[in-house]
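Worksheet for the structure shown next.
Residue numbers (the UniProt record's numbering): 1 to 91.
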């Protein structure tokens with residue numbers, strides 16, 4: 001079966017996508033849009049280092065847009081607004 005999958009394009013790369021974080025007020029924002037039915041769901045994570053402990057908040061929004069870049073841009077804006085509102089209480 002593996003041969004036919006490769007021949008007809010059924011095999012996709014399973015390598016994880018490397019996401020460069022955006023620093024905002026001491027937090028790192030990772031934009032990780034999720035492909036869903038030809039569109040992209042706004043998703044990502046916010047992290048912050050506290051001494052030796054790394055805290056992380058993951059979220060998936062109900063917002064769905066047409067392109068990955070639009071999804072990532074919207075995620076960044078929403079994450080920045082969330083940080084402004086909640087600060088360290090995110091975790």
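In this text, a Cβ means the ideal position worked out from N, Cα and C, and glycines have one as well.
Quick caveat, the model's predicted, so the values are computed rather than measured.
Annotated three-state conformation of residue 44 is strand, per DSSP.
44 is the residue among 44, 85 and 20 whose C-alpha sits nearest the C-alpha of residue 62. Residue environment for residue 31: buried (at least 16 other C-beta atoms within 10 angstroms of its C-beta).
The distance from the Cβ of residue 74 to that of residue 29 is about 12 Å, inconsistent with a contact at the 8 Å cut-off. Here residue 27 is buried, its C-beta having at least 16 other C-beta atoms within 10 Å.
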